[in-house]
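Taking it in order: structure first as structure tokens, then the write-up.
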Amino acid sequence: VVSFDGSTTIEEFLHTLNQEIGCRDVHQSGFTLFSDDPIEKDLEHFIDLQAKLCDIISKWETALREKGSGKFENTRVIQLTYKSRCYWRAAAKMETDRERLLLSYQVNQQVVHGKFPVNRELAFELASLMAQIDFGEYNNDKARGSGQGSNPNHLVLQALDKFYPIRYRSNITPDQLRELQEKLQDKWIALKGRSVVDCVRIYLTCTRKWPFFGATLYQAKVRIYEM
Numbered sequence: 001v002v003s004f005d006g007s008t009t010i011e012e013f014l015h016t017l018n019q020e021i022g023c024r025d026v027h028q029s030g031f032t033l034f035s036d037d038p039i040e041k042d043l044e045h046f047i048d049l050q051a052k053l054c055d056i057i058s059k060w061e062t063a064l065r066e067k068g069s070g071k072f073e074n075t076r077v078i079q080l081t082y083k084s085r086c087y088w089r090a091a092a093k094m095e096t097d098r099e100r101l102l103l104s105y106q107v108n109q110q111v112v113h114g115k116f117p118v119n120r121e122l123a124f125e126l127a128s129l130m131a132q133i134d135f136g137e138y139n140n141d142k143a144r145g146s147g148q149g150s151n152p153n154h155l156v157l158q159a160l161d162k163f164y165p166i167r168y169r170s171n172i173t174p175d176q177l178r179e180l181q182e183k184l185q186d187k188w189i190a191l192k193g194r195s196v197v198d199c200v201r202i203y204l205t206c207t208r209k210w211p212f213f214g215a216t217l218y219q220a221k222v223r224i225y226e227m
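Okay, so the sequence shown: first residue is 1 according to the UniProt record's numbering, each after it adds one.
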């Protein structure tokens, strides 16, 4: 828990947060805070470091009230996301373990949503590494005890859903889904004994080979002008 008051700026808040979680200063790590949009889904806003956190929260709530239903929705609150905004390849050696872990999860989101180029084989390798990082070592007993009745592969299904690209698992047959599960399970089991730090290192070593690693891709439409 990071406390703040009416005068706390985003930079001051981040300074305390970084000390708590083991990350470097925002100007060194490139990690900073983003807020969700009160109206548009899947839209995030970078928050100026000199802005006061309470002011940001107040403006978000005002926008929700004015552009939304006109009433204050006490079921919705601002969502702040701590993520990498600027990446410097030359500074990679100075990253802390926590920064590397957070970066792995951020890259994984890009992989899952098709914003990071991977073929099917690499997608399995990366998904198994993330499964080992997130769930720990694969355990048949744990998989069977996931509370999903007679489905012993629930944990693998969770891993596929969280870490495998959506485009490679859309519109597939039950048999094809079973093949994906078996392949991911085999690769996950093969990582037995690998620590979180080790898996993060392997994951980032693979993904950093892409020349645009650290960049953010956005969808765009071609605008056609009539002559």
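For every residue, glycine included, the Cβ atom is placed at its ideal position computed from N, Cα and C. Computed from a predicted structure; not experimentally measured.
Name the DSSP bridge partner or partners of residue i?
{"i": "H45", "result": "S35"}
{"i": "K221", "result": "BP columns for K221 are empty, so no partner."}
{"i": "Y82", "result": "L33"}
{"i": "K52", "result": "T9"}
Could you give the distance in angstroms between the alpha-carbon of residue i and the alpha-carbon of residue j?
{"i": "D122", "j": "T207", "result": "The sequence given here places Leu at residue 122; Asp does not occur at that position. The alpha-carbon atoms of L122 and T207 are separated by roughly 10 Å."}
{"i": "Q19", "j": "E40", "result": "32 Å"}
{"i": "N108", "j": "A92", "result": "18 Å"}
{"i": "F13", "j": "S128", "result": "35 Å"}
{"i": "T205", "j": "F4", "result": "37 Å"}
{"i": "F163", "j": "L191", "result": "16 Å"}
{"i": "D48", "j": "D42", "result": "20 Å"}
{"i": "Y225", "j": "Y218", "result": "22 Å"}
{"i": "L80", "j": "W210", "result": "28 Å"}
{"i": "L64", "j": "H45", "result": "15 Å"}
{"i": "I202", "j": "E125", "result": "10 Å"}
{"i": "R194", "j": "L157", "result": "21 Å"}
{"i": "E95", "j": "F212", "result": "18 Å"}
{"i": "P174", "j": "S7", "result": "56 Å"}
Just to confirm my understanding: we take residue i, look at its own chain, exclude 5 residues before and 5 after, and list those with CB closer than 8 Å. What are they?
{"i": "K83", "result": "F31, T32, F34, L102 and Q106"}
{"i": "I78", "result": "S35, D36, P38, I56, I57, W60 and E61"}
{"i": "T9", "result": "L49, Q50, A51, K52 and L53"}
{"i": "K221", "result": "none"}
{"i": "R120", "result": "Y168"}
{"i": "D97", "result": "G22, V197 and V200"}
Once you ignore the five residues that flank residue i on each side, which residues in its own chain have a CB closer than 6 Å to its CB?
{"i": "W188", "result": "S128, A131 and Y138"}
{"i": "Y87", "result": "G30 and G214"}
{"i": "R169", "result": "none"}
Could you pull out every residue in the same chain whose Cβ sits closer than 7 Å to the Cβ of residue i, ignoring the five residues on either side in sequence?
{"i": "Q110", "result": "F116"}
- prompt: What are the complete alpha helix (DSSP H) segments, minimum 4 residues, inside the segment 125-212?
  reply: Whole alpha helix (DSSP H) segments, 4+ residues: 140-144, 154-163, 174-189 and 196-207.
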